[in-house]
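See structure below.
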Amino acid sequence: MSALIDLFSVAAIGAGLFFFFAGTVGLLRFPDSLTRLHALSKADNLGLGLVVLGLIPRAENPLAALKLLVVWALVLLSGASTAQLIGRALRRGRK
Amino acid sequence: MDEFLLSAAGVIIATVAVGLVRILRGPDDVDRLMAVQLLGTGGIAALLLTAYATRVPGVDDVALGLALLAAFATMAFLNHLDAGQGDASQGGSEP
Numbered sequence: 001m002s003a004l005i006d007l008f009s010v011a012a013i014g015a016g017l018f019f020f021f022a023g024t025v026g027l028l029r030f031p032d033s034l035t036r037l038h039a040l041s042k043a044d045n046l047g048l049g050l051v052v053l054g055l056i057p058r059a060e061n062p063l064a065a066l067k068l069l070v071v072w073a074l075v076l077l078s079g080a081s082t083a084q085l086i087g088r089a090l091r092r093g094r095k
Numbered sequence: 001m002d003e004f005l006l007s008a009a010g011v012i013i014a015t016v017a018v019g020l021v022r023i024l025r026g027p028d029d030v031d032r033l034m035a036v037q038l039l040g041t042g043g044i045a046a047l048l049l050t051a052y053a054t055r056v057p058g059v060d061d062v063a064l065g066l067a068l069l070a071a072f073a074t075m076a077f078l079n080h081l082d083a084g085q086g087d088a089s090q091g092g093s094e095p
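Chains A and X, in that order, give the protein sequences. All residue numbers for the first sequence refer to UniProt numbering, where the first residue is 1 and numbers rise by one. All residue numbers for the second sequence refer to UniProt numbering, where the first residue is 1 and numbers rise by one.
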């Protein structure tokens, strides 16, 4: 059973790594700022989300797992709002 | 399994470090801001992985704190970007 949990953790964290890598490549390769913003928010939310998903079965008590979810929710909310603010700054031409 | 978590944290930090090249190359301030935000999120993911690999108490709280501060740093920079023109000045906020 614990091997299955480890396998799930490895798979989820591996997928999280992939999305971090994809976001970073997108940040470096995309032509203009808005597309980079798109790539960045994918890496933020999905990469961290999958890492958290991989860590949840390893949490000792449900409270620690809840703390993981709280960290991810905070990053989701702050990432979404800052992406909107960056988009607004870009639209106003204030690079 | 713990070695895998630590190596995953290392890979995330390396990926984000490559993403920092955008700061050197980035034509606009907003692109540099995105690289810093990606560094924040990568840092949070690495902190969480290290917390669960080394089982040191309190490291996941550091990740929660970093999640909060990364959001504030981004918003402070964007507010500074709008300080000269736009609603920040009409809003009567102190220079």
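We put the beta carbon where it would ideally sit given N, CA and C, even for glycine.
For ARG22 of chain X, the residues of chain A that pass the 7 Å Cβ criterion are LEU27, LEU28, in the order they occur in the chain. Using a 10 angstroms sphere on the CB of THR74 of chain X, the tally of other CB atoms reaches 16 or more, which defines it as buried. A straight-line Cα-Cα distance of about 8 Å links ALA22 of chain A and ALA39 of chain A. Secondary structure note for PHE20 of chain A: its alpha helix (DSSP H) is the uninterrupted segment 2-29.
If you check each beta-carbon in the region 35-55 of chain X against every beta-carbon of chain A, the ones closer than 8 Å belong to ALA35, GLN37, LEU38, THR41, GLY42, ILE44, ALA45, LEU48, LEU49, TYR52. The beta carbon of VAL59 of chain X sits no closer than 8 Å to any beta carbon of chain A.
Following the DSSP letters along the chain, one finds ASP44 of chain A in no alpha helix (DSSP H), marked with neither H nor E. Here the C-alpha atom of LYS42 of chain A lies approximately 15 Å from the C-alpha atom of ARG29 of chain A. Each residue's CA atom was taken as its position, placing LEU6 of chain X and ARG92 of chain A some 42 Å apart. THR82 of chain A and GLY65 of chain X have their C-alpha atoms some 17 Å from each other.
With its beta carbon less than 8 Å from one in chain X, ALA43 of chain A belongs to the interface. Interface annotation for the region 13-25 of chain A against chain X: ILE13, GLY14, GLY16, LEU17, PHE20, PHE21, GLY23, THR24, VAL25, criterion Cβ-Cβ distance under 9 Å.
Against chain A, the CB of ALA63 of chain X has a partner CB under 8 Å away; the residue lies at that interface. Judged by DSSP in its simplified three-state form, VAL21 of chain X adopts helix.
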